[in-house]
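Asks:
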Amino acid sequence: MAHPKRKTSKTRRDKRRTHYKAVAPTLATDSTTGEMHLYHRAHWHEGKLYYRGQILMDKTEEAEA
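Residue numbers (UniProt numbering): 1 to 65.
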């Protein structure tokens, strides 16, 4: 098996690892509610599940029935 001839220094190791970065998620604003949410994800707002500006599910109707 291959072994390093010299020990890799902390500085050299850290320089190599600088390219691994966490990317902040892209947020969108819903046109009907104005709620911030992740792209391509449904989100809850006031007991209703919205996706692309349309209501998918309504918890208030289910609770009344």
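Note that CB positions come from ideal geometry on N, CA and C, so glycine has one too.
Round the Cβ separation of Thr-32 and Gly-53 to the nearest angstrom and send it over; I've been treating them as touching at under 8 Å.
Replies: On the sequence shown, residue 32 is found 32 positions in, with the first residue counted as 1. On the sequence shown, residue 53 is found 53 positions in, with the first residue counted as 1. Yes, Thr-32 and Gly-53 are in contact; Cβ-Cβ is about 5 Å, under 8 Å.
Asks: Given a threshold of 16 other Cβ atoms within 10 Å of its Cβ, counted over all protein chains shown, does Tyr-39 qualify as buried or as exposed?
Replies: Looking up residue 39 in the sequence shown gives position 39. With fewer than 16 Cβ atoms within 10 Å of its Cβ, Tyr-39 is classed as exposed.
Asks: By Cβ distance, which residues of its chain are closer than 8 Å to residue 72, with the 5 residues on each side in sequence left out?
Replies: Nothing can be reported for residue 72: it is not among the residues displayed for the chain, which extend from 1 to 65.
Asks: Whole angstroms are fine: how far does the CA of Thr-18 sit from the CA of Thr-11?
Replies: Start at 1 with the first residue of the sequence shown, and residue 11 comes out as number 11. Start at 1 with the first residue of the sequence shown, and residue 18 comes out as number 18. Distance between the alpha carbons of Thr-11 and Thr-18: 11 Å.
Asks: Provide the residue span of the beta strand (DSSP E) that contains Asp-58, from first to last.
Replies: Locating residue 58 in the sequence shown gives position 58, where the first residue counts as 1. Asp-58 -> beta strand (DSSP E) spans 54 to 58.
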